[in-house]
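Down below is the structure, laid out as structure tokens.
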Amino acid sequence: MPTVKSVETILLDHPDAGRDHLIPILQEIQESEGFLSQESITKVGQALAMPSSKIFGVATFFNMFRFQAKGKYHVMVCRGTACHVKGSGRSLDMVTKALKVQPGETTRDKMFSLEVVACMGACGLAPVVNINGQFYAKVSPMKLQRIIEECREKEQVHANA
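Right, dumping it as structure tokens:
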């Protein structure tokens, strides 16, 4: 497990940092905290003498940055060419409705987070979904619905134990 460093410590590791250090600093913060909070963006802005709005604008440009903590089950839906052609859009539509979140968001109960990725490099298995590092091949909306239900059932069993 990576060492959790505070935003202040990360900023101290970048003395005299300028705008050209913004992305590496944001990457370190996200690696340490799991996401970029408004508080961390504000602290970076103060340290780099940049408005928070500009930092947020840069961070939202790159899809690698998250602004909410991941859920217990992090669902990644591949939208690469092979997955797109094989129907991953239908699975993405289903999961956004089932979880009531959009890509980049986490459910209110912190159980699920949803991310869309450009390619997972598993084109022969398209369409592909990855949940917490486990790949699911040839995923249809119904198959993904069952997988999500299984995750919920597993949590229900743990809660009742």
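Residue numbering for the sequence shown follows the working numbering, starting at 277 and increasing by one per position.
For every residue, glycine included, the Cβ atom is placed at its ideal position computed from N, Cα and C.
- Around V377, the same chain offers T383, F388, S389 and L390 as residues with beta carbons nearer than 8 angstroms, after the five sequence neighbours per side are excluded.
- In this structure, the straight-line span from the alpha carbon of V334 to that of G310 is close to 18 angstroms.
- Counting the other Cβ atoms within 10 Å of the Cβ of M418 gives fewer than 16, which makes it exposed.
- In this structure, the beta-carbon distance from R342 to V392 does not fall below 7 angstroms.
- Counting of Cβ neighbours within 10 angstroms places M340 among the exposed residues, the total staying below 16.
- Judged by DSSP in its simplified three-state form, C399 adopts helix.
- No residue range can be given for Q378, since it is assigned to no beta strand (DSSP E) and is classified by DSSP as neither H nor E.
- Distance check between D385 and each of R366, G363, L420 and E431 places E431 closest, using alpha-carbon atoms only.
- Shown here, L390 sits in a strand according to DSSP, grouped into three states.
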